[in-house]
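What follows is a single structure, written as structure tokens, with notes after it.
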Amino acid sequence: MFYRFCCKLTKKLKSITLSRKKIIFYTCGDQKKQANAAYLIGSYAVMHLHMTPEEAYSLLVSRNSTYLPFRDASFGTCMYNLNILDCLRAVHKALQFGWLDFSNFDVEEYEHYERAENGDFNWIIPGKFLAFSGPHPKSKIENGYPLHAPEAYFPYFRKHNITTIIRLNKKMYDARRFTDSGFEHHDLFFVDGSAPNDNIVRKFLNICENAEGATAVHCKAGLGRTGTLIGCYMMKHYRLTAAEAIAWIRICRPGSVIGPQQNFIEDKQSSLWAEGDLFREKMRSERENGKMAVTRILSGVDDITINGSNKNRTPKKEELELVQQPRQCPCSLAIIIFYIFIYVDLTLSAVDTSHMNPFHSHLLSIRDKDG
Numbered sequence: 001m002f003y004r005f006c007c008k009l010t011k012k013l014k015s016i017t018l019s020r021k022k023i024i025f026y027t028c029g030d031q032k033k034q035a036n037a038a039y040l041i042g043s044y045a046v047m048h049l050h051m052t053p054e055e056a057y058s059l060l061v062s063r064n065s066t067y068l069p070f071r072d073a074s075f076g077t078c079m080y081n082l083n084i085l086d087c088l089r090a091v092h093k094a095l096q097f098g099w100l101d102f103s104n105f106d107v108e109e110y111e112h113y114e115r116a117e118n119g120d121f122n123w124i125i126p127g128k129f130l131a132f133s134g135p136h137p138k139s140k141i142e143n144g145y146p147l148h149a150p151e152a153y154f155p156y157f158r159k160h161n162i163t164t165i166i167r168l169n170k171k172m173y174d175a176r177r178f179t180d181s182g183f184e185h186h187d188l189f190f191v192d193g194s195a196p197n198d199n200i201v202r203k204f205l206n207i208c209e210n211a212e213g214a215t216a217v218h219c220k221a222g223l224g225r226t227g228t229l230i231g232c233y234m235m236k237h238y239r240l241t242a243a244e245a246i247a248w249i250r251i252c253r254p255g256s257v258i259g260p261q262q263n264f265i266e267d268k269q270s271s272l273w274a275e276g277d278l279f280r281e282k283m284r285s286e287r288e289n290g291k292m293a294v295t296r297i298l299s300g301v302d303d304i305t306i307n308g309s310n311k312n313r314t315p316k317k318e319e320l321e322l323v324q325q326p327r328q329c330p331c332s333l334a335i336i337i338f339y340i341f342i343y344v345d346l347t348l349s350a351v352d353t354s355h356m357n358p359f360h361s362h363l364l365s366i367r368d369k370d371g
């Protein structure tokens, strides 16, 4: 949804025939759609106008507007809220670290592989982490739902240098089907809907830090447990806040991180930041002393595409300071786009609270109005 919105808006802003018109972006009175609208236009400002998340958000709330927060996909009482600013900050961090680049994003492939019949998987950090639904003993259709055997994933995994598989749910298939085919496979089971203990978190981080290539992580649905542990890695090695990590994971894979898992990630933020700081300091010290240990943490992630070209190249193995100087994002249309913030109905609020997925939010309209 966000990709298509950006393409449509940019096309209108560049149109010669619309150059003398003001573009008004609006939605209806539904508070969920209002929140989606605010997320979309705010993220556009962050991505294309190089505004800070705070600058974009301040425009959205400049008329004392309020927006519904985003929640998890569970049916129980909401235990944790994300707001629009959290989402804008997540987009900003994704741009800084090179996870988000629409200049070569293949939306058709993204939508193809996220469907259950085509594998049900999404890149969270391109070239590093792929989240997917757990494989089954054999490929079949069960009660109208497609299930996939491990072998169904082999061609894609090999093509994209996915070398390591981590299973977090109970054993539904024989791990040797992966290992006999040249993949590393690890089991780190913990109960569905729960949070992992410190030992599991430590093992997960160690496996991912030493993986030869990219890592594919799954639980039963590839949402709750999977997103929780990937979020821990993001906090340690990229210093994302808990809210930023949850927001980005859900933007990439809707429905991720559920119930108490949200609070767990928040509780782990400070300790994982500290671990990451020590990790990077150790690497600096070893480098300065000429004793750099071999590490397989991946760097140089290019973009969020998952197609088969070199767009999603495998990064080099190298010692890495993951908290590094952010890459600068080009800014364009900074003047003309400001009309949108002037004329947008700022009583609008934001996203589908069931999945907190701005990419798949309700369709919104952009209409041309005479200036």
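The sequence shown: position 78 = 78 (the UniProt record's numbering), numbered continuously.
We put the CB at the ideal spot given by N, CA and C, even for glycine.
Of the other Cβ atoms in all chains shown, 16 or more fall within 10 Å of the Cβ of residue 84; this residue is therefore buried.
Note: residue 164 is bridge-paired with 184 and 215 in the DSSP secondary-structure output. When the Cα atoms are used, residue 231 and residue 250 turn out to be separated by approximately 11 angstroms. By the Cβ rule, the segment 109-125 counts as touching the segment 146-165, because three or more pairs are nearer than 8 angstroms. Non-local beta-carbon contacts of residue 242 in its own chain, meaning distances under 6 angstroms to residues more than five positions away in sequence, involve 265, 266 and 269 in chain order.
In the three-state DSSP reduction, residue 248 falls in the helix class (H, G or I). Residue range 121-125 is occupied by the beta strand (DSSP E) that includes residue 122.
Assignment of residue 159 by DSSP, reduced to helix, strand and coil, places it in the helix class.
Distance between residue 134 and residue 220, taken at the CA atoms: about 5 angstroms. Assignment of residue 82 by DSSP, reduced to helix, strand and coil, places it in the strand class. For the options 258, 41, 31 and 215, the alpha carbon positioned closest to that of residue 9 is the one of 41. When C-beta atoms of the segment 175-183 are compared with those of the segment 158-166, three or more pairs fall below 8 angstroms, so the two segments count as touching. Residue 109 and residue 187 have their C-alpha atoms roughly 29 angstroms apart. Distances from the CA of residue 195 to each of 263, 58 and 284 were compared; the closest alpha carbon is that of 263. Fully contained in the segment 33-108 is no beta strand (DSSP E) run of length 3 or more. When beta bridges are read from the DSSP output, residue 146 appears opposite 141. Note on the segment 247-288: whole alpha helix (DSSP H) runs with a minimum of 4 residues are 260-288, in chain order.
With a beta-carbon spacing of about 5 angstroms, residue 226 and residue 131 fall inside the 8 angstroms limit used to define contacts. For residue 130, no alpha helix (DSSP H) segment is defined; the enclosing uninterrupted segment is the beta strand (DSSP E) at 129-132.
The segment 92-99 makes no contact with the segment 69-81, as fewer than three CB pairs between them are under 8 angstroms.
Beyond the five residues adjoining it in sequence on each side, residue 89 comes within less than 6 angstroms, by CB distance, of 53 and 244 in the same chain, given in chain order. Here the alpha carbons of residue 7 and residue 207 stand approximately 38 angstroms from one another. Contact annotation: residue 173 and residue 136 have beta-carbon atoms nearer than 8 angstroms. Residues 147 of the same chain have their beta carbon placed closer than 6 angstroms to that of residue 140, with the five preceding and five following residues left out of the count.
Rounded to whole angstroms, the Cβ separation of residue 161 and residue 252 is 19 angstroms, and the two are not in contact under 8 angstroms. Taking 8 angstroms as the cut-off, the beta carbon of residue 61 is found no closer than this to the beta carbon of residue 92. A distance below 8 angstroms separates the beta carbons of residue 256 and residue 224. Judged by DSSP secondary structure, residue 199 falls within the alpha helix (DSSP H) whose first and last residues are 198-209. 8 angstroms or more divides the Cβ of residue 35 from the Cβ of residue 25. Under the three-state reduction of DSSP output, residue 230 falls in the helix class. Straight-line spacing of the CA atoms in residue 282 and residue 289 works out to 11 angstroms.
In this structure, residue 94 places its C-beta atom within 8 angstroms of the C-beta atom of residue 248. Each residue's CA atom was taken as its position, placing residue 87 and residue 158 some 32 angstroms apart.
If you draw a straight line from the Cα of residue 15 to the Cα of residue 182, it comes to about 51 angstroms. About 7 angstroms separates the beta carbons of residue 192 and residue 169, which is inside the 8 angstroms limit, making them a contact pair.
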